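Comments concern the structure below.
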Amino acid sequence: MYEFYKKHPQAKNPEVAEALHWDPYHVKKYKFRLKSRGLIAVTPDGVETAPPFSDEDMKEPSAKLAAYQHLYEVCIERLETKDMSDSQFISLVQEIRMILAKL
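If you're matching positions, the sequence shown starts at 98 in the working numbering and goes up one per residue.
Structure below.
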């Protein structure tokens with residue numbers, strides 16, 4: 098959809114749905130997601146696409162990104178070693194997610 102908007106910035110939702118063979122509901126849903134993530138901006142003139150992120154944009158990870166990376170590493174380690182029971186693991190992940198939500 099992002100790529101479609103790059104080529105057709107003035108396309109309306111019904112046109113996007115027809116071109117992509119999507120249900121109109123999904124066009125609206127994913128358009129909202131692209132907009133909320135800052136990848137597109139909806140203007141009176143159409144849809145403006147933001148340039149993709151470059152590797153340079155990610156040189157200094159945010160505290161939240163670092164926490165997610167740590168969570169990923171913990172999950173992978175747990176899958177490899179099975180050091181925790183399933184219930185302990187689920188509790189840990191839930192606790193980390195609550196902390197991340199407050200960041």
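All C-beta atoms in this analysis are idealised placements derived from N, C-alpha and C, irrespective of residue type, glycine included. Please read these numbers as outputs of a predicted model, since none were measured by experiment.
| Ala147 in three-state terms, based on DSSP | One-based indexing of the sequence shown puts residue 147 at position 50. If DSSP states are grouped into helix, strand and coil, Ala147 belongs with coil.
| request: Pick out whichever of Arg194, Gly135, Glu112, Ile187 has its Cα sitting closest to the Cα of Leu162. | output: For the purposes of this step, residue 162 is taken as the residue at position 65 of the sequence shown. Minimum Cα distance to Leu162 is reached at Arg194.
| query | For Asp142, which residues of its own chain have a beta-carbon under 8 Å away from its beta-carbon, when the five flanking residues on both sides are left out? | reply | Translated into the one-based positions of the sequence shown, residue 142 becomes position 45. So the qualifying residues of the chain are Pro106, Gln107.
| field | Neighbourhood of Val171 by C-beta, 6 Å cutoff - its chain only, sequence neighbours within 5 removed | value | Taking the first residue of the sequence shown as 1, we reach residue 171 at position 74. So no residue of the chain qualifies.
| Segments assigned beta strand (DSSP E), at least 3 residues, entirely inside the segment 106 to 130 | none
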